[in-house]
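Report on the structure given below.
There are 4 protein chains.
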Amino acid sequence: MNKIPVGVLGATGMVGQNYIALLNDHPWFEVRFVAASPRSAGKKYKEAVDGRWQLARAYTPSVGELVVADANDVSQARAAAKAGSCAFVFSALEMGKDEIRALEDSYAAAGIPVISNASAHRWTDDVPVLISEVNPHHADIIPAQRKKRGWDKGFIAVKPNCSIQSYTTPVYALIRAGYEIKRLIVTTMQAVSGAGYPGPASIDMIDNVVPYIGGEEEKSEQEPLKILGAIEGGAFVNAAFPKISAHCNRVPVIDGHTACVSLEFGDRKPSIEEVKRIWADFKSLPQELNLPMAPKQPIIIREENNRPQPRKDRDADKAMAVSVGRIRPCNIFDLRFVGLSHNTVRGAAGGGILNAELLKSKGYIS
Amino acid sequence: MNKIPVGVLGATGMVGQNYIALLNDHPWFEVRFVAASPRSAGKKYKEAVDGRWQLARAYTPSVGELVVADANDVSQARAAAKAGSCAFVFSALEMGKDEIRALEDSYAAAGIPVISNASAHRWTDDVPVLISEVNPHHADIIPAQRKKRGWDKGFIAVKPNCSIQSYTTPVYALIRAGYEIKRLIVTTMQAVSGAGYPGPASIDMIDNVVPYIGGEEEKSEQEPLKILGAIEGGAFVNAAFPKISAHCNRVPVIDGHTACVSLEFGDRKPSIEEVKRIWADFKSLPQELNLPMAPKQPIIIREENNRPQPRKDRDADKAMAVSVGRIRPCNIFDLRFVGLSHNTVRGAAGGGILNAELLKSKGYIS
Amino acid sequence: MNKIPVGVLGATGMVGQNYIALLNDHPWFEVRFVAASPRSAGKKYKEAVDGRWQLARAYTPSVGELVVADANDVSQARAAAKAGSCAFVFSALEMGKDEIRALEDSYAAAGIPVISNASAHRWTDDVPVLISEVNPHHADIIPAQRKKRGWDKGFIAVKPNCSIQSYTTPVYALIRAGYEIKRLIVTTMQAVSGAGYPGPASIDMIDNVVPYIGGEEEKSEQEPLKILGAIEGGAFVNAAFPKISAHCNRVPVIDGHTACVSLEFGDRKPSIEEVKRIWADFKSLPQELNLPMAPKQPIIIREENNRPQPRKDRDADKAMAVSVGRIRPCNIFDLRFVGLSHNTVRGAAGGGILNAELLKSKGYIS
Amino acid sequence: MNKIPVGVLGATGMVGQNYIALLNDHPWFEVRFVAASPRSAGKKYKEAVDGRWQLARAYTPSVGELVVADANDVSQARAAAKAGSCAFVFSALEMGKDEIRALEDSYAAAGIPVISNASAHRWTDDVPVLISEVNPHHADIIPAQRKKRGWDKGFIAVKPNCSIQSYTTPVYALIRAGYEIKRLIVTTMQAVSGAGYPGPASIDMIDNVVPYIGGEEEKSEQEPLKILGAIEGGAFVNAAFPKISAHCNRVPVIDGHTACVSLEFGDRKPSIEEVKRIWADFKSLPQELNLPMAPKQPIIIREENNRPQPRKDRDADKAMAVSVGRIRPCNIFDLRFVGLSHNTVRGAAGGGILNAELLKSKGYIS
């Protein structure tokens with residue numbers, strides 16, 4: 001089978017490198033186009049990342065030979081699309097929000113679907129923020145989006161912030177099972193890779209934690225409401241619940257965001273056993289479609305009292321599963337648990353690839 | 001002035017070492033008696049801690065020359081007391097709870113006041129759990145305790161768990177200012193020194209956090225209620241509020257426990273500015289008495305958005321102040337903040353020494 | 001093809017767990033027998049390691065169901081051997097040296113070959129210390145060993161200390177190419193997993209290095225001389241060179257030992273380019289035999305000036321390759337370089353498995 | 001006594017902050033002038049470092065109120081000098097070497113002595129590179145330097161790189177005692193604070209070491225030779241020995257550089273006991289003059305086999321002493337040991353202050 005040729009925008013950055021590495025040997029997609037800042041443009045990819053490659057996993061030799069395009073120059077992608085080497089792009093752009101938004105629009109307008117990791121378009125009312133297991137039906141706003149904007153083949157779909165991935169899927173699983181969730185207080189302990197490279201200085205992360213990440217609490221509180229929301233008249237309407245209060249911390253961990261959650265149900269309250277059963281049994285569309293990047297079990301329950309832990313659990317099921325543990329009653333609300341997910345895979349490039357697989361399955365990319 | 005001679009039980013352990021180090025140059029107290037397990041008994045202190053001394057700060061040469069007594073043999077302490085070299089003891093014993101309780105009773109029965117770091121007696125109904133700034137009046141149960149047990153000079157007073165110190169004083173300051181606190185959800189990120197030596201394995205603390213500390217959540221939820229409680233009929237009665245739900249985590253930090261707190265007031269709710277004013281102005285009996293170990297300002301407000309941080313703030317004011325920051329409204333309850341205190345100083349040996357100073361000022365030791 | 005059934009002694013410890021994990025899906029071997037201390041004996045393996053499993057990689061369900069034998073009771077292994085479920089054992093025993101030596105002897109005497117990770121038999125004069133790429137011919141002492149001891153099928157072969165693996169293969173490659181090496185000064189920075197579990201306390205490994213590892217410098221200086229030595233009259237005779245001086249340090253790294261090496265050649269001195277060529281081209285018997293665990297390229301050269309690094313390079317080629325970098329002249333001797341290898345894979349379980357593959361290929365196990 | 005008013009150039013950077021913090025309560029000097037980049041110029045110091053102050057130790061309120069001058073504009077310092085608020089400056093400038101060299105020259109030409117932390121002037125042949133205990137007599141090149149350059153009161157004196165401080169004083173002590181040292185191979189494990197702020201990314205320093213620091217090996221090999229050299233005809237002539245080969249590594253430690261040293265004596269070789277005696281007894285001019293910043297004992301011997309360690313030993317004697325341990329024969333050369341010193345105190349600001357005290361005692365500043 002011929003693989004679909006894909007491009008990566010911001011291919012030399014931290015998330016871009018993760019896309020490149022995760023797409024090694026992907027059964028459906030093949031990286032044939034890479035774009036980055038003007039500084040890297042014109043170099044071979046292997047030259048552009050020389051001394052800056054952050055991952056244990058390497059890129060393939062053929063990607064190393066690709067000449068880096070200038071991400072600001074959409075014409076290069078358009079030419080690649082015409083030449084059959086770029087059917088859609090993953091956007092891992094790192095620049096100002098307004099610039100990213102404009103640039104992603106340009107790619108879509110040029111007929112190139114954009115599956116983005118950036119936050120720029122998360123609050124655009126016709127752009128879906130997808131967690132493939134939670135709101136795959138949100139992808140179906142794409143025809144309305146295309147129509148409204150006069151785009152033919154292009155569209156924009158994004159993924160949410162990495163900080164919310166450790167609890168949004170478990171929360172959704174409970175809601176889908178019929179249990180309303182009213183309120184949720186969450187404290188995150190987030191890995192340094194979430195800040196890109198170089199990210200936090202080592203002098204701030206040795207023998208220390210930093211109880212603040214700019215913008216992260218707002219995203220953690222608001223993005224789940226869009227994801228859990230509805231489509232009305234070609235635009236998203238936020239869910240009213242759960243109300244979320246977030247405390248976001250940076251801790252000296254390479255990969256893996258951990259979340260300590262206390263939540264309050266509505267009138268119907270499941271038992272702890274029922275919660276575990278719901279999570280253990282949870283499957284969604286990516287599992288039904290058997291998508292290549294989909295974890296077999298989106299939520300893995302750890303019964304040991306000291307798990308999940310980032311170093312031991314982040315890589316579960318291709319680093320795409322959310323691990324939960326310490327499932328117990330809350331003294332104040334109803335339920336407490338600890339959730340953990342891999343922020344640069346599940347929470348970034350891996351989640352983006354899964355979204356692409358979903359969008360292909362639904363026929364939006366080809 | 002002649003200094004009061006003091007003993008340290010468990011002098012070779014982590015907390016014991018902190019007592020020894022903090023009592024260097026204390027204006028009122030001088031370490032003249034050290035006791036530890038039979039393994040160390042009979043050796044000079046400097047031999048007993050050779051290769052096991054954990055602190056950057058050294059012990060004084062004269063303490064190094066003290067011969068270590070067997071902590072299980074109260075007669076050695078009694079002899080030291082008679083010889084004028086042990087007016088009271090700090091207990092940093094590390095053994096089973098029942099053994100500690102019995103042993104601390106024996107010292108008190110022998111006429112030697114015990115100021116303990118151990119958890120053994122925290123729920124004994126006539127033993128005060130003291131944070132000198134919060135419940136100094138609880139010391140006044142001592143006459144009833146002595147009477148009930150038939151002790152003459154001896155008594156037992158303890159300090160609470162280190163995990164609660166980052167939020168209990170700020171919480172108390174608000175209550176004292178007239179604001180009822182109904183509920184409080186707290187997530188702690190606790191330093192490894194809190195587990196004694198060797199404590200957590202490095203393989204569990206490099207690139208990792210552990211979302212569990214045995215017994216810590218229960219202590220974090222219950223101990224504040226005794227501290228905020230009342231004395232009735234010679235025994236303590238717990239406060240009914242605040243209801244607390246705790247998530248306790250171990251993080252790769254040497255010293256300094258950080259707490260992320262969301263709390264709900266009763267009907268009267270202070271503004272953020274009022275909260276800050278109350279904390280900035282908070283002083284209590286140790287400050288009024290100008291006790292040597294008392295921080296000038298028990299609660300220090302950090303206005304930077306990324307503080308307090310363990311490495312930068314734990315040593316504030318002799319490592320005895322609680323630093324608070326990120327004071328802001330809560331989306332769900334009323335107030336969010338981050339509290340930080342030094343667990344082996346404020347939360348252990350330093351807090352114990354301050355308690356001793358308070359008890360001396362009140363005339364219970366001499 | 002039917003897989004050869006193998007046993008793991010000390011299966012619940014750190015190295016034992018690595019054996020279990022690495023033998024998942026091994027094409028030749030299958031774990032069918034596990035033995036550990038009496039504390040674990042009688043439990044299912046999954047129960048025995050519950051809450052103690054240290055690795056990100058999991059064990060297979062079928063291994064989880066194995067009932068743990070008592071490693072001290074050789075009759076259990078003998079029964080398993082008879083029943084066709086234990087053709088040989090990997091020894092990852094953790095006990096006193098004398099006990100290990102005696103116990104390994106008993107297994108061999110019972111007809112069960114022992115491929116050991118322990119240091120107990122490293123200086124036994126008829127026991128080969130194997131690095132499969134360096135001294136595969138040392139395996140051929142086995143007939144003499146069997147004869148001398150009156151063993152029929154059993155034998156003992158061991159692997160060297162993990163600390164020497166980062167430089168012994170590169171050193172050997174140069175010697176094999178005809179360049180005598182006279183002297184070598186090496187400073188290692190070793191990972192905490194090398195000390196087993198729990199290993200170094202986190203309080204000693206956060207914001208710290210420890211410039212001492214008991215016994216490690218002696219092993220680092222002497223073991224290479226046996227490995228590079230000759231067989232004479234059924235016993236090993238050490239090589240006279242290179243003379244080695246080692247400084248061994250523990251650093252806060254999970255896996256991966258790094259070595260900074262300065263070495264002096266004999267009269268013939270290769271150029272830096274020649275050194276690189278020799279290392280890049282180096283292959284040995286495991287590569288010729290295409291053994292399953294053999295790295296394709298035993299020595300990987302990193303040209304970036306800040307590599308190799310443990311986190312980025314330890315996993316190269318199934319964590320079985322040695323990565324070298326910073327290849328440059330020495331101001332005092334002739335050559336400087338940095339070597340790195342994965343201590344629990346290449347330096348322990350992975351190296352042991354490769355040795356077993358070699359011994360099978362040579363017909364010593366079947 | 002009136003304190004001498006001093007200035008700090010680059011006062012907002014990492015080393016500058018250390019100067020500010022260490023000069024709190026200095027008995028001779030008082031910070032009255034601070035200069036930094038144009039970005040900070042015009043602000044109060046407390047505003048300029050708001051959110052950027054890296055140290056646990058705070059600056060004094062009076063320094064906080066100083067208005068930051070533009071370090072590029074020497075006229076501001078000249079005015080301060082005239083006004084009696086800047087008798088000399090500590091230079092902690094962070095810019096290109098050529099710019100620093102030119103700027104430091106301008107200050108000196110303006111009559112303001114410059115005691116510099118920067119490397120710019122270390123190889124200027126009439127500029128002394130001072131370790132106060134090692135080559136205090138090198139200060140006496142200042143009259144020749146002034147004469148050659150036509151400077152009246154101004155001069156330039158610098159301190160060496162932080163990486164050499166853990167072994168240069170011990171090496172010198174042996175040389176002074178009459179033992180020639182021919183060759184020395186050293187491997188350093190250096191703290192992240194040595195790279196300034198932000199310095200190494202946390203993603204490179206968690207679960208990792210980096211075996212490279214740009215330019216550090218060259219400095220480590222060459223600077224000691226100037227320090228141990230002689231003055232001939234108003235210029236420095238390097239010592240011929242010891243020949244040094246250095247391997248420099250970055251490790252996840254906040255403060256404190258550790259060095260593993262193997263060294264070869266000339267024909268006369270001291271015993272290990274003699275080495276210890278020489279180091280234990282070593283005192284030099286700063287100790288004789290009883291300079292405020294001088295450690296009582298410049299070299300502290302740790303007899304425990306696992307010391308010195310950065311976290312436990314870096315702060316010895318105001319963080320100004322070098323701690324040495326593991327003193328033992330070398331298999332290849334004659335002597336092995338581990339040296340440790342605090343890189344931002346002894347190796348930077350503290351060493352600079354001690355140099356200033358020395359220069360004042362010698363009458364070069366007043």
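Protein chains in written order, with full-length UniProt numbering: chain V, 1 to 366; chain C, 1 to 366; chain G, 1 to 366; chain Y, 1 to 366.
Just so you know, even glycine gets a beta-carbon here, dropped at the ideal spot from N, CA and C.
Just so it is clear, the structure is predicted and the values come from calculations on it, not from any experiment.
Discussion item. Could you compute how far the alpha carbon of C:Tyr19 sits from the alpha carbon of C:Ala173?
Written reply: Looking up residue 19 of chain C in the second sequence gives position 19. Looking up residue 173 of chain C in the second sequence gives position 173. Taken atom to atom, the span from the alpha-carbon of C:Tyr19 to that of C:Ala173 is near 27 Å.
Item to complete: Could you have a look at Y:Gly339 and say whether DSSP puts it in helix, strand or coil?
Response: Counting from one through the fourth sequence, the residue named residue 339 of chain Y turns up at place 339. Residue state for Y:Gly339 is assigned as strand, using DSSP reduced to three classes.
Discussion item. Suppose you measure from the CA of C:Val251 to the CA of V:Pro198; what does that come to, to the nearest Å?
Written reply: Translated into positions along the second sequence, residue 251 of chain C becomes position 251. Translated into positions along the first sequence, residue 198 of chain V becomes position 198. Each residue's Cα considered, the two are about 22 Å apart.
Discussion item. Let me see if you follow: with CB-CB separation under 8 Å, is V:Arg311 close to chain G or not?
Written reply: To locate residue 311 of chain V, count along the first sequence from 1; it is residue 311. So yes, V:Arg311 belongs to the interface.
Worksheet item: Whose CA, out of C:Asp152, C:Ala21, C:Phe333, lies closest to the CA of C:Pro143?
Response: Here the question's residue 143 of chain C lines up with position 143 in the second sequence. In this structure, C:Asp152 is the residue among C:Asp152, C:Ala21, C:Phe333 with its C-alpha nearest to the C-alpha of C:Pro143.
Item to complete: Identify whether V:Pro224 lies in helix, strand or coil by the three-state DSSP scheme.
Response: On the first sequence, residue 224 of chain V is found 224 positions in, with the first residue counted as 1. Here V:Pro224 sits in helix by DSSP.
Item to complete: From the DSSP output, in three-state form, read off Y:Met189 for me.
Response: To locate residue 189 of chain Y, count along the fourth sequence from 1; it is residue 189. Three-state result, Y:Met189: strand.
Worksheet item: Going by beta carbon distance, what residues of the same chain come within less than 8 Å of V:Cys86, once the five residues before and after it are set aside?
Response: On the first sequence, position 86 is the one that residue 86 of chain V refers to. Non-local C-beta neighbours of V:Cys86 in its own chain, meaning closer than 8 Å and more than five positions away in sequence, comprise Pro5, Val6, Gly7, Arg32, Phe33, Ala77, Ala80, Ile112, ordered along the chain.
Practice prompt. Return the residues of the region 65–76 of chain V that lie within a Cβ-Cβ distance of less than 8 Å from chain C, sorted by chain order.
Written response: For the region 65–76 of chain V, which is checked against every Cβ of chain C, not one residue is closer than 8 Å.
Worksheet item: Taking only beta-carbon atoms, is V:Ile131 less than 8 Å away from chain G?
Response: As a working mapping, residue 131 of chain V is identified with position 131 in the first sequence. Not closer than 8 Å to any Cβ of chain G, the Cβ of V:Ile131 fails to qualify, so no.
Practice prompt. State yes or no: is the beta carbon of V:Ala201 nearer than 8 Å to at least one beta carbon in chain Y?
Written response: Counting from one through the first sequence, the residue named residue 201 of chain V turns up at place 201. Output row for V:Ala201: interface = yes.
Worksheet item: Could you check where the alpha helix (DSSP H) with G:Glu133 kicks off and where it finishes?
Response: Reading the third sequence from its first residue, position 133 is the one you call residue 133 of chain G. Careful: G:Glu133 lies outside any alpha helix (DSSP H) and carries neither H nor E.
Worksheet item: Between the beta-carbon of V:Ala48 and the beta-carbon of V:Ala36, is there less than 8 Å?
Response: Indexing the first sequence from 1 puts residue 48 of chain V at position 48. Indexing the first sequence from 1 puts residue 36 of chain V at position 36. Using a Cβ distance threshold of 8 Å, V:Ala48 and V:Ala36 count as a contacting pair.
Worksheet item: DSSP on V:Asp50, reduced to helix/strand/coil?
Response: As a working note, residue 50 of chain V is residue 50 in the first sequence. Per DSSP, reduced to three states, the secondary structure at V:Asp50 is coil, with no helix or strand assignment.
Item to complete: Figure out for me which residue from G:Ala109, G:Ser271, G:Leu228, G:Glu273 has the closest Cα to the Cα of G:Val171.
Response: The residue you call residue 171 of chain G lines up with position 171 of the third sequence. With distances taken between CA atoms, G:Val171 lies nearest to G:Leu228 out of G:Ala109, G:Ser271, G:Leu228, G:Glu273.
Worksheet item: Which parts of the UniProt domain "Semialdehyde dehydrogenase NAD-binding" (5–142) of chain V are runs of the alpha helix (DSSP H), unbroken and 4 residues or longer, counting only runs that do not cross its ends?
Response: Those alpha helix (DSSP H) runs which fall completely within the UniProt domain "Semialdehyde dehydrogenase NAD-binding" (5–142) of chain V and span 4+ residues are 14–23, 45–48, 61–65, 74–82, 97–109.
Worksheet item: Name the chain G residues whose beta carbon is nearer than 9 Å to that of Y:Lys243?
Response: Here residue 243 of chain Y refers to the residue found at position 243 when the fourth sequence is read from its first residue. Within chain G, Asn331, Ile332 have C-beta atoms less than 9 Å from the C-beta of Y:Lys243, given in sequence order.
Worksheet item: Three or more C-beta pairs closer than 8 Å, one from the region 179–195 of chain V and one from the region 247–264 of chain V: is that the case here?
Response: Contact holds: three or more Cβ-Cβ distances are below 8 Å.
Item to complete: Could you list which residues in chain C have their beta carbon closer than 7 Å to that of G:Gln54, in chain order?
Response: By one-based count along the third sequence, residue 54 of chain G stands at place 54. In chain order: Ile203.
Item to complete: Hey, could you find the ends of the alpha helix (DSSP H) G:Lys243 is sitting in?
Response: Here residue 243 of chain G corresponds to residue number 243 of the third sequence, with the count starting at 1. Judged by DSSP secondary structure, G:Lys243 falls outside any alpha helix (DSSP H) and instead within the beta strand (DSSP E) spanning 243–250.
Discussion item. At 4 residues or longer, what runs of the alpha helix (DSSP H) sit wholly inside the region 160–184 of chain Y?
Written reply: Considered as a whole, the region 160–184 of chain Y harbours 165–176 as its complete alpha helix (DSSP H) runs of no fewer than 4 residues, in chain order.
Worksheet item: Thinking just about the alpha-carbon of each residue, which of C:Val15, C:Gly150, C:Pro308, C:Gly10 is nearest to the one in C:Ala349?
Response: As a first step, residue 349 of chain C is located in the second sequence; it is residue number 349 there, counting from the start. For C:Ala349, the nearest C-alpha among the options comes from C:Val15.
Discussion item. Using a Cβ-Cβ distance cut-off of 8 Å, determine whether V:Ile206 contacts chain G.
Written reply: On the first sequence, residue 206 of chain V is found 206 positions in, with the first residue counted as 1. At least one beta carbon of chain G lies nearer than 8 Å to the beta carbon of V:Ile206.
Worksheet item: From the DSSP output, which residues share a beta bridge with Y:Leu291?
Response: For the purposes of this step, residue 291 of chain Y is taken as the residue at position 291 of the fourth sequence. According to DSSP, Y:Leu291 shares a beta bridge with no other residue.
Worksheet item: Looking only at C-alpha atoms, which of Y:Val127, Y:Ser166, Y:Ala58 sits nearest to Y:Arg149?
Response: Here residue 149 of chain Y is taken as the residue at index 149 of the fourth sequence, counted from 1. Comparing Cα positions, the closest option is Y:Val127.
Practice prompt. Please name the residue in Y:Lys46, Y:Ala41, Y:Tyr59 whose C-alpha comes closest to that of Y:Ala21.
Written response: Along the fourth sequence, read from residue 1 onward, the residue named residue 21 of chain Y stands at position 21. The residue with the shortest Cα to Cα distance from Y:Ala21 is Y:Tyr59.
Worksheet item: What is the residue span of the alpha helix (DSSP H) that G:Ala280 lies within?
Response: Taking the first residue of the third sequence as 1, we reach residue 280 of chain G at position 280. Note, G:Ala280: alpha helix (DSSP H), 272–281.
Discussion item. If contacts are defined as beta-carbon pairs under 8 Å, then Y:Met156 and Y:Gly352 qualify, I think. What distance do you get, rounded to the angstrom?
Written reply: Mapped onto the fourth sequence, residue 156 of chain Y falls at position 156. Mapped onto the fourth sequence, residue 352 of chain Y falls at position 352. Reading off the sequence, residue 156 of chain Y comes out as Ile, not Met. So it is not a contact: roughly 12 Å between Cβ atoms.
Worksheet item: Are the beta-carbon atoms belonging to G:Leu354 and G:Ser193 less than 8 Å from one another?
Response: Walking along the third sequence from the start, residue 354 of chain G turns up at place 354. Walking along the third sequence from the start, residue 193 of chain G turns up at place 193. For the 8 Å CB-CB criterion, G:Leu354 and G:Ser193 do not form a contact.
Worksheet item: DSSP state of G:Val345, grouped into three classes?
Response: As a first step, residue 345 of chain G is located in the third sequence; it is residue number 345 there, counting from the start. In the structure shown, G:Val345 sits in a helix (DSSP, three-state: H, G or I).
Worksheet item: Should the region 228–241 of chain C be called in touch with the region 217–236 of chain G, which here means at least 3 C-beta pairs below 8 Å?
Response: Segments in contact, no.
Fill in: Member of Y:Gly51, Y:Arg311, Y:Gly64 whose CA lies at the smallest distance from the CA of G:Met205
Within the third sequence, numbered from 1, the residue matching residue 205 of chain G stands at position 205. Just measuring C-alpha positions, the residue of Y:Gly51, Y:Arg311, Y:Gly64 sitting nearest G:Met205 is Y:Arg311.
Practice prompt. Starting from V:Ser361, trace the alpha helix (DSSP H) both ways and give me its first and last residue.
Written response: Within the first sequence, numbered from 1, the residue matching residue 361 of chain V stands at position 361. That run of the alpha helix (DSSP H) goes 350–361.
Discussion item. DSSP three-state label for G:Ile231, please.
Written reply: On the third sequence, residue 231 of chain G is found 231 positions in, with the first residue counted as 1. It is a strand residue.
Item to complete: Check the DSSP bridge columns for V:Arg302 and list the partner residues they point to.
Response: Indexing the first sequence from 1 puts residue 302 of chain V at position 302. In DSSP, V:Arg302 forms a bridge with V:Gly325.
Discussion item. Quick check: what's the CA-CA separation for V:Cys162 versus V:Glu223?
Written reply: For this step, residue 162 of chain V is matched to residue 162 along the first sequence. For this step, residue 223 of chain V is matched to residue 223 along the first sequence. Distance between the alpha carbons of V:Cys162 and V:Glu223 is about 11 Å.
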